[in-house]
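First the structure, in the form of structure tokens, and then the observations on it.
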Amino acid sequence: MSGLDAWVPEWDIAARYEIALPLSPERALALTLGLPAGADPISRILLGARGMRANSSIERFFARHRFEVLEQTSTVFVVGASGRPWLSAPVLRPFAESEPVTVRVAADLRTVPAGSRGCLLATETRIVAMDDAARRLFSCYWTVVGPLSGLLRRRWLRAAAEAAARS
586 MSGLDAWVPE WDIAARYEIA LPLSPERALA LTLGLPAGAD PISRILLGAR GMRANSSIER
646 FFARHRFEVL EQTSTVFVVG ASGRPWLSAP VLRPFAESEP VTVRVAADLR TVPAGSRGCL
706 LATETRIVAM DDAARRLFSC YWTVVGPLSG LLRRRWLRAA AEAAARS
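Here it is as structure tokens:
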């Protein structure tokens, strides 16, 4: 088992998105990680509304916002953190920490071969609550933030498709 399945085999909430790209899996992931996190005006607004800086690559964006790289290969990039993201000024901690009333969040970008010369680029987020209180609090938070997070991920996939078409 590898990738997200190795880090979060069971979860409370998950969201997954994918897109086909006319690139090798390795090239597609490298290209995507190098794209700006604020790839377009909508992405910049979404990130700015949460107080997140959008002026770095997707790969550096995660590090800048205290996500640790859990796994990285030429086709898999997994990041994670733990904390209370529903707070107005959340503090994220290392993924392995599991205090009461916290969640672990893991997200990935991964590619798999598809067709004769292309691949599927997918991004998935999985959240596991450390207890019932965290599950309730995060569920309320995710009702509002989940659709916006999904929109951001789809914007990243769209930016990857546009960059792939230009390369």
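In this note's numbering, each residue carries its 1-based index in the sequence shown increased by 585. All C-beta atoms, glycine included, are put in the ideal place defined by N, C-alpha and C.
Host alpha helix (DSSP H) of residue i (start-end)
i, result
"alanine 591", "589-592"
"valine 729", "717-751"
"alanine 648", "643-649"
"glutamate 611", "610-619"
Cβ distance (whole Å) where residue i is taken to contact residue j below 8 Å
i, j, result
"leucine 706", "leucine 606", "5 Å"
"tryptophan 671", "leucine 722", "5 Å"
"serine 683", "methionine 715", "5 Å"
Element boundaries [beta strand (DSSP E), containing residue i]
i, result
"arginine 689", "688-699"
"leucine 603", "It should be pointed out that residue 603 corresponds to glutamate in this sequence rather than to leucine. Taken as a continuous stretch (DSSP letters only), the beta strand (DSSP E) holding glutamate 603 covers 598-606."
"arginine 711", "703-714"
"alanine 634", "Note, alanine 634: premise wrong, no beta strand (DSSP E); alpha helix (DSSP H) at 626-634."
"glycine 665", "661-668"
"valine 654", "653-657"
Buried versus exposed call for residue i [16 or more other C-beta atoms within 10 Å across all chains shown]
i, result
"isoleucine 643", "buried"
"arginine 689", "buried"
"alanine 750", "exposed"
"glycine 700", "exposed"
"proline 610", "buried"
"glycine 623", "buried"
"valine 676", "exposed"
"serine 628", "buried"
Distance CB(residue i)-CB(residue j) smaller than 8 Å
i, j, result
"isoleucine 712", "aspartate 590", "no"
"glutamate 656", "glycine 588", "yes"
"valine 664", "alanine 691", "yes"
"phenylalanine 662", "aspartate 693", "yes"
"glycine 703", "threonine 687", "no"
"aspartate 625", "arginine 738", "no"
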